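Asks: Before we start, here is the structure in question, set down as structure tokens.
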Amino acid sequence: KFSPTGRHLLIQTRCPSWNTSSYVNTLWLYDIKNQTKKLIALNLSASSKPQWSPSGDYIALILKTDNSENKTNDKQTEQHIYLYSLISDELFSIQIGKDILS
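Using the working numbering, you'd call the opening residue of the sequence shown number 4 and step up by one each time.
As structure tokens, then:
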């Protein structure tokens, strides 16, 4: 998905993880002008559809969390949205609560 400025491209990949018998979903940021790519997220949720901010300075995404401690009651698990800043090159977590519909 192209950024609003047309300078970057988001690339989602899904590769098998033979050790865990599952898939690893990753998110890459490709700089079109410099022809470079950067890994943004390793544990991207399979259902996540990363979105650009209107300015193209941020990317909103959802990462998988390890719910192994709370498998019986997923609704009590804290939910987060993550923002990746192209300006600071940081990933910020925003807590959005426990009662999120799946």
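All C-beta atoms, glycine included, are put in the ideal place defined by N, C-alpha and C. Model, not experiment: these values are computed from the prediction.
Run through DSSP, which three-state label would Trp55 get?
Replies: Here the question's residue 55 lines up with position 52 in the sequence shown. Trp55 falls in the strand class under three-state DSSP.
Asks: Sort out for me which residues DSSP pairs Thr7 with in a bridge.
Replies: For this step, residue 7 is matched to residue 4 along the sequence shown. In the sequence as displayed, the identity of residue 7 is Pro instead of Thr. Its beta-bridge partners do not exist; DSSP assigns none.
Asks: Expressed to the nearest angstrom, what Euclidean distance is found between the alpha-carbon atoms of Ile90 and Ile65?
Replies: Taking the first residue of the sequence shown as 1, we reach residue 90 at position 87. Taking the first residue of the sequence shown as 1, we reach residue 65 at position 62. Rounded to the nearest angstrom, the two C-alpha atoms are 20 Å apart.
Asks: For Ser96, which three-state DSSP category applies?
Replies: As a position in the sequence shown, residue 96 is number 93, starting the count at 1. Reduced to three states, the DSSP call for Ser96 is strand.
Asks: Glu67: which of Ser51, Trp31, Phe95, Asn22 sits nearest, CA to CA?
Replies: Working through the sequence shown from its first residue, we reach residue 67 at position 64. Residue identity check: residue 67 is Lys in the sequence provided, not Glu. Ranking Ser51, Trp31, Phe95, Asn22 by Cα distance to Lys67 puts Ser51 first.
Asks: With DSSP as the reference, label Thr23 as helix, strand or coil.
Replies: Along the sequence shown, read from residue 1 onward, the residue named residue 23 stands at position 20. Correct three-state label for Thr23: coil.
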